[in-house]
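Colleague: Residue numbers (my numbering): 162 to 527. Beta carbons: idealized from backbone N, C-alpha and C, even for Gly. This is the structure I have questions about; it appears just below.
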């Protein structure tokens, strides 16, 4: 059995593909898997770290207006379709599975033209443009929530599966994760992320928060992922924080994401659908900072849903400053019952057996 997975643009597009691929690889021995990603995409690192073969296609997102840049992007997309056909012809897959992002379009489109079965997974409640364009021609469309069905005209190929999450988010315990990281059982661990590309405002606030806690609270440890494109600036402005200092460390990228999240007492994070699914699987108390730069403000909707269920704390980026962040952290840190309740409540949002549901449906198409 040979499968191509394609997705890219953010880690949120790649993570579900890795989760499905790992499940299939573990469950079915004679399986060859190839990932196709966006040329130069930072999210490709996660594919390599997971041990999968990766090929890339040069493609850019299209803007909804006519300008010179967009004309060039259209020409690039046409070339990408030719590259996609070549990759598919060489690998000869039994099925092609997309998980969103603009690199998905040429691969799924080419597979459809070559009469190869296709499936696509949409993690967000508000489906992306690529998913909407491809869904009518796909054999299966997997969605995270029932509410998303109304976004699609064709209904007979839709399956509500939930979001697939890598096994380690579900099986890693706080104790085993801390042992791997060398974190004392009594230490209070904070981990923070600004999304796969990083976030300037979050980086600035977290650097100040780290300094405050390192001066006052030696038992507090903090690891922050700033994003590769911001690491040079962080290293210039805060050289001491890119080397472990009093338990505080800023890195460009966290390779062992599941281990870090499972070891943490608090996760401070953006709140894309996949991030929410991973934190839910781990059952870690969280402070969510919705990105203001996403379609239909869907990250705020994700965070508000959890906040209303007493499953997470919420602060908008426009309200974010070091003082407010420290207040929120202390609200969880100093109240064990609150922390436990947040952990239990967010855990209830995790959907079981998603990878199996998707894998079983994929196999029916082969």
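Excluding the 5 residues preceding and the 5 following residue 344 in the sequence, name in chain order all residues of the same chain whose CB lies nearer than 7 Å to its CB.
Modeller: As a position in the chain shown, residue 344 is number 183, starting the count at 1. Residues 350, 382, 424 of the same chain have their beta carbon placed closer than 7 Å to that of residue 344, with the five preceding and five following residues left out of the count.
Colleague: Three or more C-beta pairs closer than 8 Å, one from the segment 388-399 and one from the segment 451-471: is that the case here?
Modeller: no
Colleague: Give me, in chain order, the residues of the same chain whose beta-carbon lies closer than 7 Å to that of residue 523; leave out the 5 immediate sequence neighbours on both sides.
Modeller: Start at 1 with the first residue of the chain shown, and residue 523 comes out as number 362. Closer than 7 Å at the Cβ level, and outside the excluded window around residue 523, lie 256, 258, 280.
Colleague: On a Cα-Cα basis, can you pick out the residue from 254, 313, 465 that is closest to residue 298?
Modeller: Here residue 298 is taken as the residue at index 137 of the chain shown, counted from 1. Checking every option, the nearest Cα to that of residue 298 belongs to 313.
Colleague: Assuming residue 219 and residue 237 form a contact by the criterion Cβ under 8 Å, report the distance between their Cβ atoms to the nearest whole angstrom.
Modeller: One-based indexing of the chain shown puts residue 219 at position 58. One-based indexing of the chain shown puts residue 237 at position 76. Indeed they touch by this definition, with Cβ atoms about 6 Å apart.
Colleague: Within a Cβ cutoff of 8 Å, which residues of the same chain sit near residue 370, ignoring the five residues on either side of it in sequence?
Modeller: Start at 1 with the first residue of the chain shown, and residue 370 comes out as number 209. Once the five neighbours on either side are set aside, the close Cβ partners of residue 370 are 383, 483, 486, 487, 490.
Colleague: State the DSSP-derived secondary structure class of residue 449, mapped to helix, strand or coil.
Modeller: If you number the chain shown from 1, residue 449 lands on position 288. Reduced to three states, the DSSP call for residue 449 is strand.
Colleague: By the three-class DSSP mapping on this structure, what secondary structure does residue 477 have?
Modeller: Counted from its first residue, the chain shown places residue 477 at position 316. In the three-state DSSP reduction, residue 477 falls in the coil class, being neither helix nor strand.
Colleague: When the distance is taken between beta carbons, is residue 303 closer than 8 Å to residue 320?
Modeller: Here residue 320 refers to the residue found at position 159 of the chain shown. Here residue 303 refers to the residue found at position 142 of the chain shown. Going by C-beta atoms, residue 320 is nearer than 8 Å to residue 303.
Colleague: Are at least three pairs of beta-carbons, each pair with one atom in the segment 467-475 and one in the segment 502-513, less than 8 Å apart?
Modeller: yes
Colleague: Under 7 Å: does the beta carbon of residue 390 sit that close to some heavy atom of the ligand MN?
Modeller: Ligands in the displayed structure: none, and consequently the ligand MN is not present.
Colleague: Measuring CB to CB, does residue 264 end up less than 8 Å from residue 355?
Modeller: As a first step, residue 264 must be located in the chain shown, where it is residue number 103. As a first step, residue 355 must be located in the chain shown, where it is residue number 194. Judged by their CB atoms, residue 264 and residue 355 are not nearer to each other than the 8 Å cut-off.
Colleague: So, at 8 Å on beta carbons, what are the nonlocal neighbours of residue 246 in its own chain, with the 5 sequence-adjacent residues on each side left out?
Modeller: Stepping through the chain shown from its first residue, residue 246 is reached at position 85. Only 271, 274, 275 meet the Cβ criterion.
Colleague: Nearest-angstrom Cα distance between residue 438 and residue 200?
Modeller: Here the question's residue 438 lines up with position 277 in the chain shown. Here the question's residue 200 lines up with position 39 in the chain shown. For residue 438 and residue 200, the distance between alpha carbons rounds to 27 Å.
Colleague: Just to confirm before moving on: does the CB-CB distance between residue 174 and residue 306 stay below 8 Å?
Modeller: Taking the chain shown and counting its residues from 1, one reaches residue 174 at position 13. Taking the chain shown and counting its residues from 1, one reaches residue 306 at position 145. The answer is no: Cβ separation not under 8 Å.
Colleague: Quick one: what does DSSP say residue 350 is sitting in, helix, strand or coil?
Modeller: Residue numbering aside, residue 350 sits at position 189 when the chain shown is read from its first letter. Correct three-state label for residue 350: strand.
Colleague: Do the CB positions of residue 194 and residue 239 come within less than 8 Å of each other?
Modeller: In the chain shown, the residue the question calls residue 194 occupies position 33. In the chain shown, the residue the question calls residue 239 occupies position 78. Not closer than 8 Å, so no.
Colleague: If you run the structure through DSSP and keep just helix, strand and coil, what is residue 509?
Modeller: The residue you call residue 509 lines up with position 348 of the chain shown. Residue 509 falls in the coil class under three-state DSSP.
Colleague: So, are the CB atoms of residue 481 and residue 362 less than 8 Å apart?
Modeller: If you number the chain shown from 1, residue 481 lands on position 320. If you number the chain shown from 1, residue 362 lands on position 201. Contact flag set, yes.
Colleague: Quick one: residues in its chain with C-beta nearer than 6 Å to the C-beta of residue 410, no 5 flanking neighbours on either side, listed in chain order?
Modeller: Taking the first residue of the chain shown as 1, we reach residue 410 at position 249. Hits under 6 Å: 384.
Colleague: Going by other Cβ atoms of all chains shown within 10 Å of its Cβ, with 16 needed for buried, is residue 187 buried or exposed?
Modeller: Within the chain shown, residue 187 is the residue found at index 26, counting from 1. Exposed, by the Cβ-count rule.
Colleague: By Cβ distance below 6 Å, which residues in the same chain neighbour residue 457 in space, the five residues on each side in sequence not counted?
Modeller: Numbered from its first residue, the chain shown carries residue 457 at position 296. Around residue 457, the same chain offers 287 as residues with beta carbons nearer than 6 Å, after the five sequence neighbours per side are excluded.
Colleague: For residue 342, tell me which candidate among 328, 416, 300 has the shortest Cα-Cα distance.
Modeller: To locate residue 342, count along the chain shown from 1; it is residue 181. It is 416.
Colleague: Where does residue 527 land, buried or exposed, given buried means 16+ other C-beta within 10 angstroms?
Modeller: Counting from one through the chain shown, the residue named residue 527 turns up at place 366. So residue 527 counts as exposed.
Colleague: Could you tell me the distance, in whole angstroms, from the CA atom of residue 262 to the CA atom of residue 367?
Modeller: As a position in the chain shown, residue 262 is number 101, starting the count at 1. As a position in the chain shown, residue 367 is number 206, starting the count at 1. Their backbone Cα atoms lie some 29 Å apart in a straight line.
Colleague: Quick check on DSSP: helix, strand or coil for residue 379?
Modeller: The residue given as residue 379 occupies position 218 in the chain shown. If DSSP states are grouped into helix, strand and coil, residue 379 belongs with coil.
Colleague: Three-state secondary structure (DSSP) at residue 528?
Modeller: Summary: the structure shown does not reach residue 528, with the chain confined to residues 162 through 527, and so no result is reported for it.
Colleague: Just grab the DSSP bridge partners of residue 430 for me.
Modeller: In the chain shown, residue 430 corresponds to position 269, counting from 1. Partner(s): 449.
Colleague: Tell me, to the nearest whole angstrom, how far the beta carbon of residue 212 is from that of residue 512; I am working on the premise that it is less than 8 Å.
Modeller: Within the chain shown, numbered from 1, the residue matching residue 212 stands at position 51. Within the chain shown, numbered from 1, the residue matching residue 512 stands at position 351. About 26 Å; that fails the 8 Å criterion.
Colleague: Along the chain, where does the beta strand (DSSP E) that runs through residue 260 open and close?
Modeller: Position 99 of the chain shown, counted from the first residue, corresponds to residue 260. First-last for residue 260: undefined, no H or E at that position.
Colleague: What are the boundary residues of the beta strand (DSSP E) that includes residue 196?
Modeller: The residue labelled residue 196 in the question sits at position 35 within the chain shown. Start and end: 193-199.
Colleague: Would residue 179 and residue 327 be called neighbours here (beta carbons separated by less than 8 Å)?
Modeller: For the purposes of this step, residue 179 is taken as residue 18 along the chain shown, with counting starting at 1. For the purposes of this step, residue 327 is taken as residue 166 along the chain shown, with counting starting at 1. Contact flag set, yes.
Colleague: Which ranges does the alpha helix (DSSP H) cover as unbroken runs of at least 4 residues, wholly within the segment 302-341, from first to last along the chain?
Modeller: 328-332
Colleague: So is residue 311 buried or exposed if we call it buried at 16+ other beta carbons inside 10 Å?
Modeller: Start at 1 with the first residue of the chain shown, and residue 311 comes out as number 150. By the neighbour-count rule (16 or more Cβ atoms within 10 Å), residue 311 is not buried but exposed.
Colleague: Out of curiosity, what's the CA-to-CA distance linking residue 433 and residue 477?
Modeller: Your numbering for residue 433 matches position 272 in the chain shown. Your numbering for residue 477 matches position 316 in the chain shown. Residue 433 and residue 477: Cα-Cα distance of roughly 14 Å.
Colleague: Which term fits residue 374, buried or exposed, when burial requires 16 or more other beta carbons within 10 angstroms of its beta carbon?
Modeller: Here residue 374 refers to the residue found at position 213 when the chain shown is read from its first residue. Classification for residue 374: buried.
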